[in-house]
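K.L.:
Going by our numbering, the residue at position 72 of the sequence shown is 115; the numbering climbs one at a time, nothing skipped. Backbone N, C-alpha and C fix where the C-beta goes; we use that ideal spot for every residue, glycine too. Everything numeric in this text was worked out from a predicted model, so none of it was measured. The structure that follows is given in the form of structure tokens.
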Amino acid sequence: MAKVYVIVIRQVSLVILFLLGLISLFVDGVFIYGIATGQFKEGFQYSDLSFAISYVLIGVFLALFTFLTFYGAYKLLKGTKKKEKKSIELLGEEF
């Protein structure tokens with residue numbers, strides 16, 4: 044019975060990671076749209092170089108976060124399939 048809980052916890056965490064990835068993709072899209080249309084620069088009072096550096100760093104962080112959430116979901120899904128197969132094999136041996 045404990046193995047079923049582990050599988051459920053893995054599935055719930057997979058859904059959470061996938062939703063985080065979708066949210067970060069949305070934030071990336073809004074960020075890129077804001078830069079492309081120049082909306083973010085209106086309230087910025089520093090030089091153009093510092094503006095560019097700060098937004099490049101934010102963009103890299105958002106892209107990295109998006110990649111890591113989807114990669115984590117992929118690894119979790121890959122591991123869950125193996126664990127489910129082992130659990131089914133173990134259940135088959137018990138009965």
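Buried or exposed: which applies to Gln77, given that a residue is buried once 16 or more other Cβ atoms fall within 10 Å of its Cβ?
P.N.:
Locating residue 77 in the sequence shown gives position 34, where the first residue counts as 1. Reading off the sequence shown, one finds Gly at residue 77, where the question assumed Gln. By the neighbour-count rule (16 or more Cβ atoms within 10 Å), Gly77 is not buried but exposed.
K.L.:
Using the rule of at least 16 other Cβ atoms within 10 Å of the residue's Cβ for burial, across every protein chain shown, is Ser67 buried or exposed?
P.N.:
Here residue 67 refers to the residue found at position 24 when the sequence shown is read from its first residue. Ser67 comes out buried.
K.L.:
Let's test the definition: count the other Cβ atoms within 10 Å of the Cβ of Ala79 and tell me whether it reaches 16, buried, or not, exposed.
P.N.:
Start at 1 with the first residue of the sequence shown, and residue 79 comes out as number 36. It counts as exposed.
K.L.:
Check whether the Cβ atoms of Ile64 and Phe113 sit closer than 8 Å, and answer yes or no.
P.N.:
Counted from its first residue, the sequence shown places residue 64 at position 21. Counted from its first residue, the sequence shown places residue 113 at position 70. It is worth fixing the name first, because residue 64 is Gly in this sequence and not Ile. In this structure, Phe113 lies closer than 8 Å to Gly64 by Cβ.
K.L.:
Taking the alpha-carbon of Ala116 as reference, which of Leu107, Phe61, Leu105 has the nearest alpha-carbon?
P.N.:
Position 73 of the sequence shown, counted from the first residue, corresponds to residue 116. If we check each option's Cα against that of Ala116, Phe61 comes out closest.
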